[in-house]
Structure formats: structure tokens, C-alpha cells
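Here the structure is laid out as C-alpha cells; the discussion comes afterwards.
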Amino acid sequence: MFTPGTTNDKIIKGPMTISAMFPFFKGTVFESGIDAAFESTKKYEAYLFRDKKYAHINYGSGSAHLIHLQLITDGFHGLRNTIFASGIEAAFASHKTNEAYLFKGDSYALINFAPGTTNDYIIGGVKKILPNWPSLRPILPRKNRGLDVHDHSSRVDDGDRGQDHDEL
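Using UniProt numbering, the first residue of the sequence shown is number 1, and each one after it goes up by one.
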């Protein structure tokens, strides 16, 4: 549970595997990981991405269920023939209704989406990140490709304290 401006955040449920929390992902590409996600404008709904697929889910307490699981280009027609057709590496919902930012490699796009339809479209085209997000210059490009997960059972000389961590 996250409460902005406080220091008493806590994990409500978990940690657990993806398929333990969302059994409908068992046997799918999402069972082994999620590349990106953004929250829908519909209550308790989100879009999750893995490789060329996306899942539209309802994560409501006690009623979590899969709405769609299909190719990105089948659900987001506006992403056809773009770099996002083969996958999305990061995403977040905009503060504007039915808009989200998608990222892949050194590029991004702002999309308009309408939950439950395929009437999505890219706003202003696919763009390069750095010229349009200058505040990210000090941290991009990142040389690593994600979380460093390895055996932390014994302390090693590099200062590892027994936790998974980003290799910055």
C-alpha cells in the first residue's frame, strides 16, 4: 500500500509469483515476467505487456480476471508498423484521461487509448527520448538491462549486502 507523503507504506499481499497472484496468467508469456504496464482509466483495470503480447486485466480485490490477452497490434491498432508492435519496454499512464507513454530503446510515444476499443492512436508520432525529455540526459542511456538477480547467500567483496539491486 502506497500513501504519498508518508513513511508507513507496506506490502499488502506478497511477494509472490505472478501466476500465484493472477492465476489466469499460468501457462502464458506473463507467467515468467512483465516488461511494462500502465493503469487504465477504468477502475481496477491495467494493461500489461510482454514481448509481442498484451493483457488487459481487471485486478479488483476478489474479482481479478483477464479481459483480453492478444498481440499488441490486435488490441492497439495505432501501434501497427511501429517499433512497439514487437514489444514495449516501459510504460506509464499520463495524468490526462486515456493517454499513456510507451518506451522502447531510445524512443517513446504518447498514445490515446479508449478502454474496450481499438480506436487508439499515437499523438505526435514516435519520438526520440533525449531531445524531448532533457531531464533524463544524466541517466540515459543505461548500460545495464534491468535488475541484477543472483545468489546472495554469501556476502561478496563488492559490497553486496544480500539483496537484489539495480546495477547502475
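Glycine residues also receive a C-beta, built at the ideal position from the N, C-alpha and C atoms.
Using CA atoms only, rank isn't needed, just tell me which of 129, 66 and 117 is closest to residue 74. Here residue 74 refers to the residue found at position 74 of the sequence shown. It is 117.
Below 8 Å on the Cβ atoms is my guess for residue 66 versus residue 24; work out the distance and round it to an integer in Å. The sequence position of residue 66 within the sequence shown is 66, counting from 1. The sequence position of residue 24 within the sequence shown is 24, counting from 1. 4 Å between Cβ atoms; contact.
In three-state terms, what does DSSP make of residue 111? In the sequence shown, counting from the first residue as 1, residue 111 sits at position 111. Here residue 111 sits in strand by DSSP.
Within its chain, find whatever has a CB closer than 6 Å to the CB of residue 170; leave out the 5 residues flanking it on each side and keep chain order. Outside the displayed span of the chain (1 to 168) sits residue 170, for which this structure offers no information.
Of all the options 56, 14 and 134, which has the alpha carbon lying nearest to the alpha carbon of residue 42? For this step, residue 42 is matched to residue 42 along the sequence shown. Checking every option, the nearest Cα to that of residue 42 belongs to 56.
Determine whether the Cβ of residue 48 lies closer than 8 Å to any Cβ atom of chain C. Checking the listed chains, one finds no chain C in this structure; it contains a single protein chain.
Between residue 21 and residue 92, what straight-line distance do the alpha-carbon atoms span, to the nearest angstrom? Start at 1 with the first residue of the sequence shown, and residue 21 comes out as number 21. Start at 1 with the first residue of the sequence shown, and residue 92 comes out as number 92. Whole-angstrom Cα-Cα distance: 21 Å.
Would residue 109 be called buried (16 or more neighbouring beta carbons within 10 Å of its own) or exposed? What you label residue 109 is simply residue 109 of the sequence shown in a count that begins at 1. Counting Cβ neighbours within 10 Å, residue 109 comes out buried, since at least 16 surround it.
With 16 as the cutoff for other CB atoms within 10 Å, does residue 140 come out buried or exposed? Within the sequence shown, numbered from 1, the residue matching residue 140 stands at position 140. Exposed.
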